[in-house]
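One structure is given below, encoded as structure tokens.
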Amino acid sequence: MKELIRFLKEFIQNKGLFVFTSIFVSKFSMLLTNIIAARLISKEEFGLVALVFSVFAIFVPLSGMGSYQGLLRFGVLEKNNENRDAISNYAFRKGMANHLMITVFYFIVCYFYTLKYGNLKLIILLFGVRLVGTYFLNHIQTYLRTNNDNKRFSILNMTVSVVGLAMVVVGTFGFGLTGYLVAMAIMPWVSLIYFKKPMYANFVPTLNFNTKEFWSYSIHSSLNSFFSDILFSIDFMLIGLMMQESDIAFYKTAIILPMNLALLPQIFMQTDYPKLTLNHQDVGYLKYYIKNYYKIFIPLGIAIILVGFLLKDLIVPLFFGNDYCGNGWVFFIILLALVLNMWLRSLYGNLAAAIGKANWNTHATLGAIVIILAVGFWLIPIYGIIGAAVGMALALTFTGIYTMLLFYAYLRNLENGKI
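Sequential numbering from 900 applies to the sequence shown in this note's numbering.
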């Protein structure tokens, strides 16, 4: 019990409550955004938005080819403030060039969906504007985290989320689908009010900085996030290819609430990542962290599963309306998968990144993509969106078990002095 109290005190000292509040506000704002869209936009239009959003979501983690992820790790390890700003400048400038190329690829991929679905051009264009804006948002967020400024990081998140939600409410009520899309496009650009000169200026050319190692880590982290978002979008793509746009909307409303469970472990990981990185070779600290993480999340996960099972047929229509009744089992399958994800992938995937083993996550996610494709092509024609949910559940469970096994092998090698 003393260890758990100490664990929670350290979380609070690291401004964890600020991070908790900001992530909660961010997720809740996005949830309200989806509810507003589902209720005020037709099911067919909402399905088309969900389809383009699934493509957009794939390209977001490729932001700058991982420049912001490299900045987080290497910035945390750099103790000199001027050198940290220099790394930020390098990451921003090189990452921006990479990101513009990524945006071009986004438009190319979206073009193929216009061949099957009409009326996608405006949706694709405005999500492209949002994609460029996310580069600035990611860089600013990461700069604040590398400087251990969790308070300003949290205020930034809440500002973007609340202002964005207000724009979505006004835009959707006033102008329907077009107003919703314009608000979503502008939302990440709100972060520019926090864009300060040290984040992108004063690069020192003589800085002793291993750019090869930086980009190796960045690209692996980016690819892992890229493949992870492909993983979370493949089910939508398969449903879009084999079923109707209304089925996409039906599936999306069933999984929105369970997917927001990711915010719970994310709160701890975003708060503690710098400390985990600094202690990546301290066996005692890593074991201490895992043990106390489970003291919180195992009881919480069991409670979520029980409540979710009992209310599975009531929750989705309660939030999204009676048009979305009848998908309680899809809701529960994804809920169960996300609890297992909370116990396994969320913990060990983030620990892998903190110890510099981002490639583990990449390999795990590639395996998961194979699983969800195989299961999806097999089960979706038979069971519809339930088949898609089963494929996602199996894929997520695989990634968690894989990274857990590799991490404990790393711990054994660390204990035996082999690292």
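No residue lacks a Cβ here, since even glycine has one placed at the ideal position from N, Cα and C. None of the values given here were measured: they were computed from a predicted structure.
- Any 3 or more C-beta pairs closer than 8 Å across the segment 1206-1218 and the segment 1151-1162: yes
- Cβ atoms of G1290 and L1305: under 9 Å apart, would you say? no
- Compute the Euclidean distance between the alpha carbons of A1065 and L916, then round it to the nearest angstrom. The alpha-carbon atoms of A1065 and L916 are separated by roughly 24 Å.
- Do you know offhand how far P1198's Cα is from L1235's? 14 Å
- Message: DSSP three-state label for G1316, please.
- Response: In this structure, G1316 counts as coil in the three-state DSSP scheme.
- Could you name the residues of the same chain whose beta carbon sits closer than 7 Å to that of F906, not counting the 5 residues immediately before and after it, in chain order? Around F906: N1191.
- Item | Where the alpha helix (DSSP H) through P1164 begins and ends | 1162-1177
- Query: Taking the alpha-carbon positions, what's the M1083 to T932 distance?
  - Reply: Counting only the Cα atoms, T932 lies some 9 Å from M1083.
- Check whether the Cβ atoms of T1298 and N1240 sit closer than 9 Å, and answer yes or no. yes
- Contact between the segment 1123-1136 and the segment 1259-1269: three or more CB pairs below 8 Å? Yes, the segment 1123-1136 is in contact with the segment 1259-1269.
- Could you please give the first and the last residue of the uninterrupted alpha helix (DSSP H) stretch that includes V975? Where V975 is concerned, the enclosing alpha helix (DSSP H) stretches over 966-976.
- Item | Terminal residues of the alpha helix (DSSP H) in which L960 lies | The displayed chain sequence assigns Pro, not Leu, to residue 960. Here P960 belongs to no alpha helix (DSSP H), and DSSP marks it neither H nor E.
- To the nearest angstrom, how far is it from the Cα of V1031 to the Cα of N1047? 25 Å
- Item | Inter-stretch contact at 8 Å, needing at least 3 Cβ pairs: the segment 972-980 / the segment 1136-1150 | no
- Closest by C-alpha distance to A996, when choosing among Y1016, F1035, F1011, Y1012: F1035
- Kindly indicate which three-state DSSP category S941 falls into: helix, strand or coil? Coil at S941, not helix or strand.
- Which residues in the same chain have their Cβ closer than 7 Å to the Cβ of I1022, if we skip the five residues on either side of it in sequence? L947, V948, V951, L1080
- Looking at C-beta atoms only, is the number of pairs between the segment 1193-1210 and the segment 1169-1176 that lie closer than 8 Å three or more? No contact exists between the segment 1193-1210 and the segment 1169-1176.
- Task: Assign S1117 to one of two classes, buried (16 or more other C-beta atoms within 10 Å of its C-beta) or exposed (fewer than that).
- Result: Using a 10 angstroms sphere on the CB of S1117, the tally of other CB atoms reaches 16 or more, which defines it as buried.
- Secondary structure of P1104, DSSP reduced to three states: Per-residue confidence for P1104 stands at a pLDDT of 49, beneath the threshold of 50, marking its modelled position as unreliable; no derived number is given.
- Message: Classify S987: buried if its beta carbon has 16 or more other beta carbons within 10 angstroms, exposed otherwise.
- Response: buried
- Along the alpha helix (DSSP H) that carries S1090, what are the first and last residues, could you check? Counting along the chain, no alpha helix (DSSP H) covers S1090, and no H or E run does either.
- Taking the alpha helix (DSSP H) that I1281 falls in, what are its first and last residues? 1257-1282
- Alpha-carbon spacing of Y1010 relative to M1303, whole angstroms: Cα-Cα distance, rounded: 39 Å.
- In the DSSP assignment, find the alpha helix (DSSP H) that holds F1094 and state where it starts and stops. Note, F1094: premise wrong, no alpha helix (DSSP H); not H, not E.
- Query: Pick from F955, G974, F973: whose alpha carbon is nearest that of I1007?
  - Reply: F955
- Identify which residue in I1270, I1233, L1076, A1251 has its Cα closest to the Cα of I940. L1076
- For F973, collect the residues of the same chain with a Cβ closer than 7 Å to its Cβ; drop the 5 residues on either side in sequence, then sort them by chain order. I986, F1113
- Task: Take P1055 and list the residues in its own chain whose beta-carbon comes closer than 7 Å to its own, dropping the five residues that flank it on each side.
- Result: Here the sequence assigns Leu to residue 1055, which means Pro is not the residue at that position. Same-chain partners within the cutoff: I1039, Q1040, L1043, S1090, Y1093.
- Query: Cα separation between I1085 and G1063?
  - Reply: 8 Å
- Return yes when the Cβ of M964 is within less than 9 Å of the Cβ of A1121, no when it is not. Going by the sequence as given, residue 1121 is Ser instead of Ala. The Cβ atoms of S1121 and M964 sit closer than 9 Å to each other.
- For C1224, which three-state DSSP category applies? coil
- Cβ atoms of S928 and V1061: under 9 Å apart, would you say? Their beta carbons are under 9 Å apart, which means V1061 touches S928 by this criterion.
- Item | Which listed residue (D1212, F1230, E943, F1126) has its alpha carbon closest to that of I957 | The shortest C-alpha separation from I957 is found at F1126.
- Message: Please classify M848 as buried or exposed, where buried requires at least 16 neighbouring CB atoms within 10 angstroms.
- Response: Missing from the structure shown is residue 848; the chain here goes from 900 to 1318 and no further.
- Query: If we count the other Cβ atoms within 10 Å of its Cβ and call it buried at 16 or more, is G1073 buried or exposed?
  - Reply: By the neighbour-count criterion, in which 16 or more other beta carbons inside 10 Å mark a residue as buried, G1073 falls on the exposed side.
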